[in-house]
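Heads up: the structure comes next, in C-alpha cells.
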Amino acid sequence: MYICLKFRHVKKYIAEFIGTFAMVFCGTGAMTINEITGGEITHVGIAITWGLIVMAMIYAFAETSGAHFNPAVSIAFAYAKKFSWKEVPKYAIAQVLGAMLASGILWFLFPDSEFYGATIPTLDVWRAFVLELLLTYFLMLVIINVSTGSKEVGTMAGIAIGGVILLEAMFAGPMTKASMNPARSIAPAIVSGHYEYLWLYLLAPVIGALLAVVSCKLVKDDLCCEEGC
C-alpha cells in the first residue's frame, strides 16, 4: 500500500518529465530539422509544431500534473497561491530533465546541427529581454485564466494555451525564438554550447509570468487560495 501511494505521488513528476520531453523534442526538433535542411520546415511550420505539441501534451497530462512543462509557470502558480512552493523545485527538475533528454536525442539524431533550437536573439540583448518578458506575460495571462489551481480545465484550455504559443512563436520567433520557458532554453544551450544569452531566457520568463499573476490579481476576485488574497 505504501509503495502504491508513493508511486501515485510520483506520477505528476513523471507526467511533467514526459510532457516537457515531448514538447522540447518536437518543438526544437522542428527547428533543428529546419536548420539542417535549409528551411524545409519553414518558420510557419515551426510555430505550428510548437502550438500543436503543447496543446496535445496539455490534453494528455493536465489531469495528472497540471501540465506546467515550464518552471516559470510553476513559480507563477506558487506565487498565486494555487500551487505549493515545495513542489516547484521538484517540477522544475522534472521539466529540465525531460528537456535535456529531448535535446540529447536530437544531438544523437542530427549531429550536423549547430544550434539544436538554442535560443539566440537577433535583437540586442535588452530588447530581447523585454520581448521575452512580454511574451511570457501574455502566455501566463492565458494560462491562469483557463486554469484552476494547478489543473487546466475545460475543453478549450489546450486550444487557448497552444494557440497563444503558436501566435507568439509565429510573430516573435525570428527575434528571440519565443522561448518563454527556462527549461526549454537550458537544454539546447547545454547541448549546443551556446550559453551566451541563457541568463536572459532564465530571468525574463519568470518575471513575465509573475507580472501576469499580479495583473490578474487586480482584475479577478477569485485569484486567491483558502488563505485569502
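Quick note on numbering: the sequence shown equals residues 31 to 259 in this note's numbering.
Glycine included, C-beta positions come from ideal geometry on N, C-alpha and C.
Handout entry: Which listed residue (G193, H224, I220, I71) has its alpha carbon closest to that of V84
Key = G193
Exercise for the section: State the beta-bridge partners of S104 as determined by DSSP. Expected result: DSSP, once it has assigned bridges, lists no residue as partnering S104.
Handout entry: Backbone CA spacing between I63 and M87 [nearest angstrom]
Key = 21 Å
Handout entry: Cross-strand partners of S215 (DSSP beta bridge)
Key = Answer is none; S215 lacks a bridge partner.
Exercise for the section: With S133 as the anchor, note down where its alpha helix (DSSP H) starts and where it stops. Expected result: For S133, the enclosing alpha helix (DSSP H) begins and ends at 118 to 139.
Handout entry: M186 vs L153 beta-carbon contact at 7 Å
Key = no
Handout entry: Between the CA atoms of K42 and F91 - distance to the nearest angstrom
Key = 8 Å
Exercise for the section: Rank F145, A239, M130, K250 by C-alpha distance to the C-alpha of I216 and give the top, closest one. Expected result: M130
Problem - C-beta atoms of A106 and A239 nearer than 7 Å - result: yes
Practice task
Kindly list the residues whose CB is nearer than 8 Å to the CB of L171, restricted to its own chain and excluding five residues on each side of it in sequence; keep chain order.
Solution key: Closer than 8 Å at Cβ, skipping near neighbours: A242, S245, C246.
Handout entry: Beta-carbon proximity check, I124 vs F55, cutoff 7 Å
Key = In the sequence on display, residue 124 carries Ala and not Ile. No, they are not a contact pair.
Problem - CA-to-CA distance, S222 to G203, given in whole angstroms - result: Roughly 19 Å between the two C-alpha positions.
Practice task
Taking only the alpha-carbon atoms, compute the straight-line gap between R214 and V249 and give it to the nearest angstrom.
Solution key: 30 Å
Practice task
Quick one: using the 10 Å Cβ neighbour count with 16 as the cut-off for buried, is H39 buried or exposed?
Solution key: exposed
Exercise for the section: Compare the beta carbon distance of F201 and G128 with 7 Å and say whether it is the shorter of the two. Expected result: In this structure, the beta-carbon distance from F201 to G128 does not fall below 7 Å.
Practice task
Rank T67, V160, L228, F99 by C-alpha distance to the C-alpha of A5 and give the top, closest one.
Solution key: Residue 5 is absent from the model: the chain starts at 31 and stops at 259.
Handout entry: Backbone CA spacing between G59 and F145 [nearest angstrom]
Key = 11 Å
Exercise for the section: Tell me, to the nearest whole angstrom, how far the beta carbon of Y231 is from that of E162; I am working on the premise that it is less than 8 Å. Expected result: 7 Å
Practice task
Have a look at F168, P141, I220, G188 and flag the residue whose alpha-carbon is nearest the alpha-carbon of I66.
Solution key: Between I66 and the set F168, P141, I220, G188, the nearest pair of CA atoms involves P141.
Problem - Bounding residues of the alpha helix (DSSP H) (the contiguous stretch that carries K247) - result: 228 to 249
Exercise for the section: Give every residue of the same chain whose Cβ lies closer than 8 Å to the Cβ of E198, excluding the five residues on either side of it in the sequence, and list them in chain order. Expected result: L165, F168, L169, A208, M210
Practice task
Kindly indicate the opening and closing residues of the alpha helix (DSSP H) around I83.
Solution key: For I83, the enclosing alpha helix (DSSP H) begins and ends at 72 to 95.
Handout entry: For K120, the nearest candidate out of A132, V176, S104 (CA to CA)
Key = S104
Practice task
Within the same chain, show all residues whose beta-carbon is closer than 6 Å to that of T149, passing over the 5 residues directly before and after it, in chain order.
Solution key: Cβ neighbours of T149 within its own chain (closer than 6 Å, five residues either side excluded): K207, S209, S215, Y231.
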